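Undergrad: As they're listed, the protein sequences go chains A and B.
Residue numbers for the first sequence, in the numbering used here: 25 to 140.
Residue numbers for the second sequence, in the numbering used here: -12 to 101.
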Amino acid sequence: AQTVTQSQPEMSVQEAETVTLSCTYDTSESNYYLFWYKQPPSRQMILVIRQEAYKQQNATENRFSVNFQKAAKSFSLKISDSQLGDTAMYFCAFMKHDSSASKIIFGSGTRLSIRP
Amino acid sequence: EPEVTQTPSHQVTQMGQEVILRCVPISNHLYFYWYRQILGQKVEFLVSFYNNEISEKSEIFDDQFSVERPDGSNFTLKIRSTKLEDSAMYFCASSAEGALGGYTFGSGTRLTVV
Chain A
25 AQTVTQSQPE MSVQEAETVT LSCTYDTSES NYYLFWYKQP PSRQMILVIR
75 QEAYKQQNAT ENRFSVNFQK AAKSFSLKIS DSQLGDTAMY FCAFMKHDSS
125 ASKIIFGSGT RLSIRP
Chain B
-12 EPEVTQTPSH QVTQMGQEVI LRCVPISNHL YFYWYRQILG QKVEFLVSFY
38 NNEISEKSEI FDDQFSVERP DGSNFTLKIR STKLEDSAMY FCASSAEGAL
88 GGYTFGSGTR LTVV
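Right, dumping it as C-alpha cells:
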C-alpha cells in the first residue's frame, strides 16, 4: 500500500520569503505521479503542481517548484517570493499509474501561514 | 475555465436520514470521483466511477453509500442512513483521461449530521 507523509503540520513565514514544504512517500510502484494541492480557507482543492515519476527534471510552475528525489522517495515543494494569498493547507499526494481511474492518496497536510 | 459544480454547498441533516450530494462534472470528462475530508483531517478516497460503473471503492464506501449518474450530466453520492461520523466535506472530482490529465475538484459540500 502507498503512504504519503507530511511531517510539518504547520509552518509560518514572512511575506516575500521562500518556504519549503516536505513530503515523503512510500511505494513499490515504479511509475506514478506526485502532486501538491492547495486548500485555501474556501476549502476548494486546487492543483498547484504535478510531477511524473519517470521524469528526472523537477516540475516548476511560476513561483512553485519541486525537489523530486525518487530514490529517497521525497517530494518537497518550494514557494518563492511567498504572498499572502499562499496562506492555505497544502497537501502532498500520490497516484499510481496502473489504471485510468486511479485514486489519489493524500498526506495529512501542512498548514502554511504567510505573515504580512 | 470549466468547473466541477457541487450542490448544495452546505447540508444539515438528522441522523438516520438519507442525503444526496450532487455534482455536475466537466462536460467532456469521463471519470468521476468522490472524496471525503473530515474536519481537520486528510482527504480520503471514497469511490471512482467510469463507464457507468464503479471502478474502485475504499473500505469507507460501505453499503450505506451509493453513486449514480442518472442523466448523463449529474453524478450523485447517496448516503442512505446518515451517522454522526458522516459529517465531513465531500468533494467531487472529474477527469478527461483518467488520472493522467489530472483531476478537477469541485468546491465541496459540507455535510453536517445532527
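Idealized CB from N, CA, C, for every residue including glycine.
All values reported here derive from a predicted model rather than from experimental measurement.
Pull up the DSSP beta-bridge partners for B:K65, would you.
TA: Paired residues: B:I7 and B:S53.
Undergrad: Compare the C-beta of B:F32 against all C-beta atoms of chain A and say whether one is closer than 8 Å.
TA: Interface residue, yes.
Undergrad: To the nearest angstrom, how far is it from the Cα of A:T51 to the Cα of A:S98?
TA: Rounded to the nearest angstrom, the two C-alpha atoms are 11 Å apart.
Undergrad: My assumption, with CB atoms under 8 Å, is that A:I129 sits in contact with A:V43. Please give the rounded CB distance.
TA: Actually they do not touch by this definition, with Cβ atoms about 24 Å apart.
Undergrad: Quick check on A:K102 - is its C-beta less than 8 Å from some C-beta in chain B?
TA: Chain B contact via Cβ: absent.
Undergrad: Could you check whether A:G131 and B:K29 sit closer than 8 Å to each other, using their CB atoms as the reference points?
TA: The answer is yes: Cβ separation under 8 Å.
Undergrad: Among A:N82, A:C47, A:W60 and A:E76, which one has its Cα closest to the Cα of A:I70?
TA: Checked all of A:N82, A:C47, A:W60 and A:E76; the closest Cα to A:I70 is A:W60.
Undergrad: Using a cut-off of 7 Å between C-beta atoms, extract the partners of B:M76 located in chain A.
TA: Per Cβ cutoff of 7 Å: R67.
Undergrad: Can you check which of these residues, B:E(-12), B:G3 and B:L8, is closest to B:P(-5) by C-alpha distance?
TA: Out of B:E(-12), B:G3 and B:L8, B:L8 has the C-alpha closest to the C-alpha of B:P(-5).
Undergrad: Check each candidate in B:L98, B:T69, B:S60 and B:E72 and name the one with the smallest Cα separation from B:P12.
TA: The shortest Cα separation from B:P12 among B:L98, B:T69, B:S60 and B:E72 belongs to B:S60.
Undergrad: With 8 Å as the threshold, decide whether the Cβ of B:F62 is near any Cβ in chain A.
TA: Not one chain A Cβ lies under 8 Å of B:F62.
Undergrad: Considering Cα atoms alone, identify which of A:V37, A:C116, A:V28 and A:Q32 is closest to A:I138.
TA: Nearest option by C-alpha distance: A:V37.
Undergrad: Along chain A, which residues have their Cβ under 8 Å away from the Cβ of B:F48?
TA: Chain A residues near B:F48: none, gap ~11 Å exceeds 8 Å.
Undergrad: So that I know if they touch, is there some Cβ in chain A lying closer than 8 Å to that of B:S35?
TA: Yes, because at least one Cβ of chain A sits closer than 8 Å to the Cβ of B:S35.
Undergrad: Taking all protein chains shown into account, do 16 or more other C-beta atoms lie within 10 angstroms of the C-beta of B:I25, making it buried, or fewer, making it exposed?
TA: Answer is exposed; the Cβ neighbour count stays below 16.
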